[in-house]
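Per this note's numbering: the sequence shown = residues 1108 to 1235. Inspection log for the structure reproduced underneath, given as structure tokens.
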Amino acid sequence: MCQNNGAGVQPSNPFFRAYMPYTIDPLSIQFTETRHGVNATARILFDGKKVGTIHDHAERIVADVTFSTEEDRAAFAIEARRILATVFGKATHHDSAFISEYARALLKQAEGELLKQSQDDHISDDRA
């Protein structure tokens, strides 16, 4: 599962939890178990188009997030600041902290979708 390092990221407004224009492709998530925990890598999508990649390392406070273009990074940062009122208890962090925590929130959401699909498949198999 997504390592959040205790940051407790939640969008500031419940409406935004239902509407996040960026997504993570659940089928792109790759987990790697290390001695420090579980790392995850996944594609970030906007309108179905890949705009970036999250590399979430369990031992790091801030995830590495790379983007296809600088424009994609800037747009993601604006959306991250709009969705998340604070990061690590402050509103004054650099864009990279907001980008990291928004990407982690999207990753957590995608992991939930993947887990739900796995459970639904298991239930279907049991009924057959």
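Heads up, the beta-carbon is just placed ideally off N, CA and C, and yes, glycines get one too. Computed from a predicted structure; not experimentally measured.
A contact between stretches requires three or more CB pairs, one per stretch, nearer than 8 Å, and the stretch 1151-1166 fails this requirement with the stretch 1216-1230. Look at the beta carbons and you see the stretch 1167-1177 not touching the stretch 1130-1140: under three pairs across the two are nearer than 8 Å. Secondary structure at E1140: strand, using DSSP grouped into helix, strand and coil.
Counting only unbroken stretches of 4 or more residues, the alpha helix (DSSP H) elements lying wholly within the stretch 1154-1235 are 1177-1190 and 1202-1234, in sequence order. The C-beta distance from P1133 to E1186 rounds to 20 Å, too long to fall under 8 Å, and the pair is not in contact.
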